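Engineer: Just so we're aligned: the sequence shown equals residues 127 to 443 in the working numbering.
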Amino acid sequence: MTAPDLLTVGEALVSLRSAGPLAAGGPLTMHLAGAESNVAVGVARLGHRAAWVGRLGADELGEYALRQLRAEGVAVDGVVRDPRRPTGLMLLERRTADLTRVQYHRAGSAGSALDVEDLRGPLAAGARMLHLTGITPALSDTARAATRWAAEAAVAAGVAVCLDVNHRDRLWSRDTAREVLTPLAGYASIVVASTDELDLVGEPGADETTVVADLLRRGVETVLVKLGADGARAHTPDGVRHAEALTVTAVDTVGAGDAFTAGYLSGWFDGLDPAGRLRRAATLGAFAVSSPGDWEGLPRRAELSLLDGHEAGSVIR
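1) Would you kindly check if the distance between the Cβ of W421 and the Cβ of G173 is under 8 Å?
2) Check this for me: beta carbons of E334 and T348, under 8 Å apart or not?
3) Give the C-beta separation of H368 and L342 to the nearest angstrom, bearing in mind that I take them to be a contact with Cβ-Cβ under 8 Å.
4) Can you tell me whether T387 is helix, strand or coil according to DSSP?
5) Beta-carbon separation of V337 and V346 under 8 Å?
6) In the DSSP assignment, find the beta strand (DSSP E) that holds T226 and state where it starts and stops.
7) What did DSSP end up calling L353 once you bin it into helix, strand or coil?
8) When you compare each of G146, A166, H157 and S141 to P130 by their alpha carbons, which one comes out closest?
9) Would you check if the distance between the CB atom of R274 and the CB atom of L132 is smaller than 8 Å?
10) Got a sec, what are the start and stop residues for the beta strand (DSSP E) G365 sits in?
11) Check the DSSP bridge columns for R343 and list the partner residues they point to.
12) Comparing alpha-carbon positions, which option in R181, E162, D295 and S235 lies nearest E243?
13) Three-state secondary structure (DSSP) at L326?
14) Once you ignore the five residues that flank N292 on each side, which residues in its own chain have a CB closer than 6 Å to its CB?
15) With a threshold of 6 Å on Cβ separation, who are the neighbours of G439 within its own chain once the five nearest residues in sequence on each side are excluded?
16) For S141, report the span of its beta strand (DSSP E) as first-last.
17) Spell out a yes or no on whether the segment 235 to 242 and the segment 207 to 214 are touching, meaning 3 or more CB-CB pairs, one atom from each, closer than 8 Å.
18) Can you give the Cα-Cα distance for V135 and T387, rounded to whole angstroms?
19) With H, G and I counted as helix, E and B as strand and the rest as coil, what does DSSP make of A277?
20) Is it buried or exposed for G389, if we count other Cβ within 10 angstroms and need 16 for buried?
As structure tokens, this is what we get:
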């Protein structure tokens, strides 16, 4: 099998969405969710080879997740089916037009049992980029060890690493996250964070300039800082570039940060210059917020031009 451009590692979940309060009842729609699988889908839709690896339960929800990933062209050859643990589940309810509430049922899930042995084969197959997030090491001790091992193995094999901080305060405290993510960031070529996540890969309370300078000194090549409605910044040893967000009608911001990362990595695979990567990242972020769902509205390559001519000023979450 041809090595993928992108290998993502993490937990895929099944998301059940309600258009109104869950307590009121009503229909639920089923979707694939998970930060790492979202990125894999976004990259695959733009014509790159993408693979996702993790654990899924040997249940119907796990089968659904695999079918969705395969349908999107994401390779899943390395996925482990766990007969003892269920596939993770999340419930989303629309409480107001601009407020969505999320409940997770992932304790003891198959995804949380990720282990180093699950990753040896997929990492040995090679990739141009390994994508990790701060969600996976928060799931369990074995997932934490597997994430660290994957980063170390990738760097040793000459594979670039992208780390999205993606902090989830329901999973772990900021202090614990910092203890794990600060050393993990040292393996990354690309670090992605929102402004309130930056000090999780640096000194507590440190400002953006300080954290970025330290990351670049440690060998990180690009630090991407998501700024919400103000777009994003890319810090490199050559300086700072800023990309405005595009003007679109925001429908659902869930998954927009993953879309932003997918767009940037796609530009990296295509050999775009830093400014071009940022533009593509902003474009995918705009597509993501314009449609409901984590990844369903992401564009194919031929659709990238649909937002050409849109002015700056929308959102990247």
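Beta carbons are placed, not taken as given, at the ideal position from N, Cα and C, and that holds for glycine.
This one's a predicted model, so the numbers in the text were calculated from it and none came from an experiment.
Structural biologist: Once the coordinates are examined:
1) No, Cβ-Cβ distance for G173 and W421 is not below 8 Å.
2) No Cβ-Cβ contact shorter than 8 Å links E334 with T348.
3) The Cβ separation is near 17 Å, so there is no contact.
4) Residue state for T387 is assigned as helix, using DSSP reduced to three classes.
5) One thing to note: V337 has its Cβ no nearer than 8 Å to the Cβ of V346.
6) T226 -> beta strand (DSSP E) spans L225 to H231.
7) Three-state result, L353: coil.
8) Measuring from the Cα of P130, the nearest candidate turns out to be A166.
9) No.
10) For G365, the enclosing beta strand (DSSP E) has its first and last residue at G365 to A369.
11) BP columns for R343 are empty, so no partner.
12) Ranking the options by Cα distance to E243, first place goes to R181.
13) Of the three classes helix, strand and coil, the one that applies to L326 here is helix, per DSSP.
14) Within the same chain, Cβ atoms closer than 6 Å to the Cβ of N292 are found at A161, T259, G260 and I261, the five residues on either side in sequence being excluded.
15) Because G439 sits at a pLDDT of 39, beneath the cut-off of 50, its placement in the model cannot be relied upon, and the point is left open.
16) In this chain, the beta strand (DSSP E) harbouring S141 covers L139 to S144.
17) The answer is yes - the segment 207 to 214 touches the segment 235 to 242, with three or more Cβ pairs under 8 Å.
18) Approximately 14 Å between the Cα atoms of the pair.
19) Here A277 sits in helix by DSSP.
20) Under this definition G389 is a buried residue.
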